[in-house]
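Notes follow the structure.
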Amino acid sequence: MTPFGEGPQPPAWGQKDPGGPGGPQGPRGAPRGGPLEAGWGDLLLKDAERLSAYIQQQQQQQQQQQQRWRQQQRQELELSWGSSAAAAVLPALRRLLLSSSSERAKIRETAELLLLQQQQQQLQQQQGPLSREDPKILAGKLWLQGRLFAIHERAPLQL
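If you count the sequence shown from 1, you need to add 233 to reach the working numbering.
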């Protein structure tokens, strides 16, 4: 089965290919012999369009998931600033305002580093390793490359 649905199947072992319009054919790829018949490029183009639509759908779902996650984080932040948190934060703010400028710069740098570390940890937890690609997308790309190679082997493009 291809990533885009079931295509024509090759004949079973020992059976002859019944062929069809255009002669004997392989599974949604190039013809098994002879010149390239019309229509194979259209099939390949349709498969490429389906793969592109699938990739776009996956990207949209990922963006929606990120938006929901950001919204949830904002809501949690709003809830965390309740009256008990304000009682601890206000004295710390007062001390910060009364401190010297060099001490404030140190505090700002430390806070920025902590925030950056927290954001990096959240991205790593959310995305996992950045080097991995969705297996379905990768399989679709490899399948299309294989079909293009098969077509080129039967009828090489002449530029």
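We put the CB at the ideal spot given by N, CA and C, even for glycine.
For clarity, every value in this text was computed on a predicted model and none was experimentally measured.
So, with DSSP's three-state summary, where would you put E386?
helix
Reduced DSSP category for P254 - H, G, I as helix; E, B as strand; rest coil:
Unreliable positioning characterises P254 in this predicted model, as indicated by a pLDDT of 49, which lies under 50. The coordinate reading is nonetheless provided below. Of the three classes helix, strand and coil, the one that applies to P254 here is coil, per DSSP.
When you compare only the Cα positions, how much space is there between L278 and Q351?
44 Å
Assigned exposure category for W302 - 16 Cβ within 10 Å defines buried
exposed
With 16 other Cβ atoms within 10 Å as the buried cut-off, status of L418
With the chain represented from 234 up to 392, any question about residue 418 goes unanswered, as that position is not in the structure.
Quick one: any contact between the stretch 284-291 and the stretch 370-378, if contact means 3 or more CB pairs under 8 Å?
yes
Using alpha carbons as the reference points, say which of E366, A383 and L356 lies closest to Q298.
L356
Under the three-state reduction of DSSP, which class applies to S285: helix, strand or coil?
If DSSP states are grouped into helix, strand and coil, S285 belongs with the helices.
Taking the C-alpha atoms as reference points, what is the distance between L331 and R341?
14 Å
Hey, D367 and Q291: beta-carbon distance below 9 Å or not?
The Cβ atoms of D367 and Q291 lie closer than 9 Å to each other.
Quick check: what's the CA-CA separation for G272 versus I384?
12 Å
Taking just the CA atoms, how far does T343 sit from R307?
22 Å
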